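Protein chains in written order, with UniProt numbering: chain V, 1 to 424; chain R, 1 to 424.
The structure appears below as structure tokens.
Right under this line is the structure:
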């Protein structure tokens, strides 16, 4: 992916505060869907603490954007998306456009953000090898990774109806669980509610049923990225997951960040996929592409913060639970997408792929409480007297991410946050 | 569910051949979406070998039907669907309506049938206990059923994008597989392609995220039934399914029958759920309802036929592979629906639930080739010299179903059929 004038660190924006914004300087330009108290949901681009209403300036744009979803934008060829990006970069940096565009800026904190696309299907993968190791070790100390892990990008289908944008509270789910010491299962609120730190991948152009996607073309099918919290009820999961995988332990709610960070914006932050250990098997040819290996990972730092009800009441800042690189993935985005379509399964614009929990080999980068607190054996101390083995009502989990590279303006993903409400 | 004049065995139709039709006498009246060479997809009701174009007679109906899906119909309260049914029954039985309606009849074999609804999410369950036993025995001879089976209606999410109506050919999928004797996995066309005989359940009225559905209300959330062939690549499945369940082994294609058989049509065919063995655990209260146990099963006979390329060439009739009752389900439809929403997961009109493979304790009722041919150990003889362990290119699998009850006109589901095309 080419680096062009839209990435120029010298480019600045006339939008107040954009140039020093943590997530949305003019080098980012992520898309989303917003609404105001009046009026239908419609497309926007984020700039600093503001957004620009794209439906109001469609006459100025090379691509027509309207409606309540970005699916049509996702379906465009990469070069048309790039044309749109270059135009928006010009509009938001050239001060001469300020008078025409100012009326169409809105403060992000004054609008409601929606899901950016109609999600046809949602698939969650399991590419965070350290997570697979950490979790596998809790179940199978001697043999944490199953024999297929280094050959197959493991994934499974998730639920689309319960995906919500950042900010929508999560009702603590009830469900069946049977702790090992119990004689019989019971039904009630989960006692082991957890988060999972993931990246979400928005599928762009789709493929026809029966037609696989060659890995060399996989990048052309990606429309963007977001943060994804795959909330998990560990007690439900342990009891239900055999033999067909997680179900009610996951499908009660998933939270995504509402801004779609484009592959075009992330071009300067592509790095080589971390090298496989020498004696790991080489993937089968359909999953291997040298170009992808050289630039298939993202130099993105992920962070998780926790804000408890007490911290909120006492004005204590969120506690950072973990931080680590998104490159802790055993398979690249191109590999998971290619694998998904390798049997002819048809992907569609607006499908969402989750990476699976991204963890690290050491605890500062663990991507779930189950890992951090060792399944409840070693509660996490939050520094002001509270501790957590699992999430409590009132807790708020905040995921964030920043892409950084030498000589580049860092760009972020915005927040993916939600608070836990008591079970009903 | 009340039995009314629409079920009267004495009621006949003026539509030619309808009264002796195997599937669609006037007592059935299933809905579907069809199109002709010209014109958009639109709703219809099946009657004999014909269908009635409902968009053309909307002025006569108590419910407005238009558009390319039945989702709005599914979302209606049961009493409004019943009003529509009673009106259609009158229109298609009273000869005085013949002149007005004849122009809006089409032969089913002259139109294209589509998916009846936009499917938001598709979930496949595993309630065929004999299938679970038969398959489990191949993996774990001493302990075929896992400990959760009799407590939890096991289910997992499937893929919506690759669901196709009856008649659309299935491209043999490629994928990764590693036979036990192989040193390493390889990628290629599946060598163990199978079918699975299932019922599909169309979700009607939905529930809000976070709000479970009490089992006493579950029946109100069902809009209809269909047949479902959950095509499966057994070699892909064996290699990929741990620890997160089946994925590419299933999501390359699923076939459903296009006609939605309503709960109203099936009212006379409700029977008691087969009694659980004495020492089976009693389900938890959220999954138990006496009314459901007394009338939660369907007196539906299921059949699977196979037509090979050679049989087609030589004019040999399809070979019946199996037949058995749909009541071979350990959990009722109300139980799987209630369980699905028990964690607050929001179901939506047009969601599709599969029952999982419905099998029998003995081989005449086995619901998949893997069971019939014992994983390839004992190929099925087709009677004219051919045999099958798994499906070959050119094979066509035909699922059918008939509801029967003493003193009632039997009604059927139509066909769910598709032919295997070679891998691309």
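Note that beta-carbon positions come from the ideal geometry of N, C-alpha and C, so glycine has one too.
Keep in mind it's a predicted model, so treat the numbers as computed, not measured.
What first and last residue would you give for the beta strand (DSSP E) that runs through residue i?
i, result
"residue 46 of chain V", "42-47"
"residue 175 of chain V", "174-177"
"residue 419 of chain R", "416-421"
"residue 402 of chain R", "396-403"
"residue 282 of chain R", "Run containing residue 282 of chain R: none; DSSP gives neither H nor E here."
"residue 207 of chain V", "Counting along the chain, residue 207 of chain V falls outside any beta strand (DSSP E), and DSSP gives it neither H nor E."
"residue 71 of chain V", "Here residue 71 of chain V belongs to no beta strand (DSSP E); instead the alpha helix (DSSP H) covers 71-75."
Taking CB distances under 8 Å as the criterion, tell me whether residue i reaches chain V.
i, result
"residue 50 of chain R", "no"
"residue 148 of chain R", "yes"
"residue 416 of chain R", "no"
"residue 121 of chain R", "yes"
"residue 160 of chain R", "yes"
"residue 242 of chain R", "yes"
"residue 26 of chain R", "no"
"residue 197 of chain R", "no"
"residue 152 of chain R", "yes"
"residue 253 of chain R", "yes"
Is there a Cβ of chain R sitting closer than 8 Å to that of residue i, yes or no?
i, result
"residue 222 of chain V", "no"
"residue 424 of chain V", "yes"
"residue 171 of chain V", "yes"
"residue 330 of chain V", "no"
"residue 449 of chain V", "In the structure as shown, chain V starts at 1 and stops at 424, and residue 449 of chain V therefore has no counterpart that could be examined."
"residue 211 of chain V", "yes"
"residue 156 of chain V", "yes"
"residue 104 of chain V", "no"
"residue 226 of chain V", "no"
"residue 204 of chain V", "no"
Between the Cα of residue i and those of the options, spot the shortest distance and give me the residue it belongs to.
i, options, result
"residue 108 of chain V", "V/47, V/198, V/270 and V/162", "V/47"
"residue 201 of chain R", "R/210, R/192, R/189 and R/229", "R/229"
"residue 91 of chain V", "V/75, V/6 and V/110", "V/6"
"residue 165 of chain V", "V/409, V/89, V/113 and V/261", "V/113"
"residue 240 of chain R", "V/343, V/65 and V/38", "V/343"
"residue 394 of chain R", "R/237, R/419 and R/172", "R/419"
"residue 123 of chain R", "V/283, V/65, V/245 and V/183", "V/245"
"residue 303 of chain R", "R/345, R/199 and R/150", "R/199"
"residue 422 of chain V", "V/254, V/314 and V/190", "V/190"
"residue 187 of chain R", "V/372, V/341 and V/64", "V/341"
"residue 293 of chain V", "V/403, V/283 and V/273", "V/273"
"residue 249 of chain V", "V/174, V/375 and V/20", "V/174"
"residue 18 of chain V", "V/417, V/424, V/410 and V/415", "V/410"
"residue 485 of chain R", "R/40, R/150 and R/297", "A question about residue 485 of chain R goes unanswered here, because the residues of chain R that appear run from 1 up to 424."
Provide the residue span of the alpha helix (DSSP H) that contains residue i, from first to last.
i, result
"residue 311 of chain R", "309-314"
"residue 192 of chain R", "Careful: residue 192 of chain R lies outside any alpha helix (DSSP H) and carries neither H nor E."
"residue 389 of chain V", "Taken as a continuous stretch (DSSP letters only), residue 389 of chain V belongs to no alpha helix (DSSP H), as it is neither H nor E."
"residue 93 of chain R", "78-93"
"residue 15 of chain R", "Counting along the chain, residue 15 of chain R falls outside any alpha helix (DSSP H), and DSSP gives it neither H nor E."
"residue 338 of chain V", "333-341"
"residue 137 of chain R", "129-139"
"residue 263 of chain V", "263-266"
"residue 239 of chain R", "234-240"
Got a sec? Which residues, its chain only, sit under 6 Å from residue i by beta carbon, not counting five neighbours each side?
i, result
"residue 351 of chain R", "120, 121 and 203"
"residue 348 of chain R", "120 and 206"
"residue 144 of chain R", "133, 136 and 137"
Can you list, in chain order, the residues of its chain with a C-beta nearer than 7 Å to that of residue i? Leave out the 5 residues immediately preceding and following it.
i, result
"residue 310 of chain V", "386"
"residue 221 of chain R", "203, 204, 205, 213, 337 and 347"
"residue 53 of chain V", "42, 44, 104 and 106"
"residue 50 of chain V", "15, 105, 106, 107 and 108"
Short of 8 Å in beta carbon distance, which residues of its chain neighbour residue i, apart from the five on each side in sequence? Order them along the chain.
i, result
"residue 185 of chain V", "176, 177, 178 and 239"
"residue 369 of chain V", "194, 195, 321, 380, 388, 389, 390 and 391"
"residue 152 of chain R", "339"
"residue 360 of chain V", "130, 322, 324, 325, 328, 366 and 367"
Task: the segment 51-67 of chain R contacting the segment 99-108 of chain R, beta-carbon criterion three pairs below 8 Å - done: Cβ pair count under 8 Å is three or more, so yes.
- [ ] Would you be able to state if there are at least three C-beta pairs under 8 Å between the segment 349-367 of chain R and the segment 316-328 of chain R?
- [x] Judged by Cβ distances under 8 Å, the segment 316-328 of chain R makes contact with the segment 349-367 of chain R, as three or more pairs qualify.
- [ ] Answer yes if the segment 124-143 of chain R comes into contact with the segment 59-70 of chain R, meaning at least three C-beta pairs across the two stretches below 8 Å, and no otherwise.
- [x] No, because fewer than three Cβ pairs between the segment 59-70 of chain R and the segment 124-143 of chain R fall closer than 8 Å, the two stretches do not touch.
- [ ] Check whether the segment 379-390 of chain R touches the segment 210-226 of chain V, counting contact only when three or more Cβ pairs, one atom from each stretch, lie closer than 8 Å.
- [x] Taking one beta carbon from each stretch, the segment 379-390 of chain R and the segment 210-226 of chain V have fewer than 3 pairs nearer than 8 Å; the two do not touch.
Open item on the list: Across the segment 156-171 of chain V and the segment 104-118 of chain V, are there enough close Cβ pairs to call them in contact, namely three or more that are closer than 8 Å?
Closed with: Taking 8 Å as the limit for Cβ pairs, the verdict is that the segment 104-118 of chain V does touch the segment 156-171 of chain V.
Task: the segment 74-93 of chain R touching the segment 33-44 of chain R, judged by at least three CB pairs closer than 8 Å - done: The segment 74-93 of chain R, when compared against the segment 33-44 of chain R, does not touch it at the 8 Å Cβ threshold.
Open item on the list: Short of 9 Å Cβ to Cβ, which residues in the segment 251-280 of chain R face chain A?
Closed with: The displayed structure is made up of protein chains V and R, and chain A is not among them.
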